[in-house]
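Under the working numbering, the final residue of the sequence shown carries the number 317; numbering is consecutive throughout. Heads up, the beta-carbon is just placed ideally off N, CA and C, and yes, glycines get one too. This report concerns only the one structure given below.
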Amino acid sequence: MKNGTGARLCAGLSMLLFVPTMAHAQGAPADAVQIPAPVVRSVVILGTKVISNKTVGDVVTAAAVGKRGDSDTLLVVAQAVTELYRKKGFSVAQVVGNEISPDGILSVTVAEGTVRRVLVRGNGKTSSNVIRAAVDVQPGDIYRENDVRDARNRLARLGIFDDVIIVAAPNGDEVKEDVLKAGGGEEKSGGDETHPPTGDATAPLDPDATQKTGKSDNAPPPPPEVFPATDEVGYVDLIIRIKERRTGNVAATVGFNEGTGLVGFVDFSEDNVYGTTHRASVQWQRTNTARFTSNGDFVPGRTRAAYLVSYDIPALG
């Protein structure tokens, strides 16, 4: 992933900091005594999954225990925890809550950056389901730079895209297309920003389907998939923006004369059959062994024809 991407991914993510309580309310005497924040004596870590509570707790303990739990200390705590996650590749993790009790117990809540949705944009031919399968990052996974880098490499190795950009955003619906534009060019329609339905919308109708499955045509549809709200803290949308390349190819060389007849070869190939990333190729070749002697005499030869049909299903994982 390009330099600076981590900072861009964290844009818009908030951080909640504890503000020490003041002894006087509005309208109280100006010389009222300010109550200092309590000294941090122990820590409680909440919200961690990919990094253990102990590891995060050790970082918070080193940054806060024995110090006043004021806003400066809590800012240092948030920065230390964020840096810990960033070093391990979790670039969108953030501290979303710092609370300190009167007896000095500091509670730190971490949002590690859970993937809410996987949005696919720019695919005019390739199936969004195929792209998601190749990426292998699902809703509920924790966003990690190494996983995204591997996903981008897998998509690039398919050989059917000119460019691939993968970013995370708090709300993918608000991300402008010019930010995601991959390599320029006109935007292709057909992008899919929702998860695929559980059924096959393109399956042919079978009049005996009800009898075979035992299900009535009036059976209720499956419930829609529910995703966390786009303003919920700690979640990000993974946006995959691709630019497809032309995958069909035709090559031919043919010749004809009275002595040998038609000779040459024709090759038809397609590297993304029906948007599935499958590769198909059909080749035809016709040769003749006719030749001329050193005296210029023509010696008829044998005509040979060959055909080759291949179909390849690349591994997406």
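Assigned secondary structure, residue i (DSSP; H/G/I helix, E/B strand, else coil)
i: Val309; result: strand
i: Leu316; result: coil
i: Lys243; result: strand
i: Gly79; result: According to the sequence as given, residue 79 is Gln; it is not Gly. It is helical.
i: Glu112; result: coil
i: Val92; result: coil
i: Ile131; result: helix
i: Pro300; result: coil
i: Asn288; result: strand
i: Leu84; result: helix
i: Asn53; result: helix
i: Val44; result: strand
i: Ser107; result: strand
i: Val148; result: helix
i: Gly97; result: strand
i: Ala37; result: coil
i: Val60; result: helix
i: Leu119; result: strand
i: Asp162; result: strand
Neighbour-count burial assignment, residue i, 16 or more Cβ in a 10 Å radius
i: Val299; result: exposed
i: Asn146; result: exposed
i: Glu244; result: buried
i: Arg302; result: exposed
i: Lys212; result: With a pLDDT of only 43 at Lys212, under 50, the local geometry of the prediction cannot be trusted, and no value is derived from it.
i: Gly261; result: exposed
i: Thr247; result: buried
i: Phe90; result: buried
i: Leu238; result: buried
i: Arg144; result: buried
Identity of the residue in the options nearest residue i by Cα
i: Ile165; options: Pro139, Val135 and Asp141; result: Val135
i: Arg304; options: Thr293, Val263 and Asp312; result: Val263
i: Ile313; options: Val130, Phe265 and Ala151; result: Val130
i: Lys88; options: Val137, Ser101, Trp284 and Val50; result: Val50
i: Asn153; options: Ile242, Phe90, Val77 and Leu106; result: Ile242
i: Thr114; options: Gly124, Leu106 and Pro170; result: Pro170
i: Asp103; options: Ala290, Pro38, Gly296 and Asp162; result: Pro38
i: Arg149; options: Ile160, Gly159 and Val137; result: Val137
i: Gly151; options: Asn295, Ile240, Trp284 and Val254; result: One point to set straight first is that residue 151 is Ala, not Gly, in the sequence displayed. For the residues Asn295, Ile240, Trp284 and Val254, the minimum Cα distance to Ala151 belongs to Ile240.
i: Ile142; options: Asn272, Gly47, Ser71 and Ser107; result: Gly47
i: Gly159; options: Val273, Asn53 and Leu106; result: Val273
i: Ala334; options: Asn53, Lys54, Ala78 and Ser52; result: Because residue 334 is not part of the residues shown, which for the chain are 1 to 317, the question remains open.
i: Asp320; options: Gln34, Gly275, Arg86 and Val59; result: What the structure shows of the chain is the stretch from 1 to 317, and residue 320 is not part of that stretch, so it cannot be assessed.
i: Arg405; options: Thr277, Val282, Leu106 and Ile100; result: The first residue shown for the chain is 1 and the last is 317, placing residue 405 beyond what the model contains.
i: Asp321; options: Glu258, Gln285 and Gly255; result: Shown here, the chain extends from 1 to 317; a query on residue 321 therefore has no answer.
Minimum Cβ-Cβ distance from residue i to chain D less than 8 Å
i: Thr114; result: Checking the listed chains, one finds no chain D in this structure; it contains a single protein chain.
- Task: Go through the stretch 232-282 residue by residue and report every complete run of the beta strand (DSSP E) that reaches 3 residues or more, in order.
- Result: Correct list: 235-244, 248-257 and 261-270.
- Query: Taking one C-beta from the stretch 95-102 and one from the stretch 117-130 each time, how about it: are there three or more such pairs within less than 8 Å?
  - Reply: No, the stretch 95-102 does not touch the stretch 117-130.
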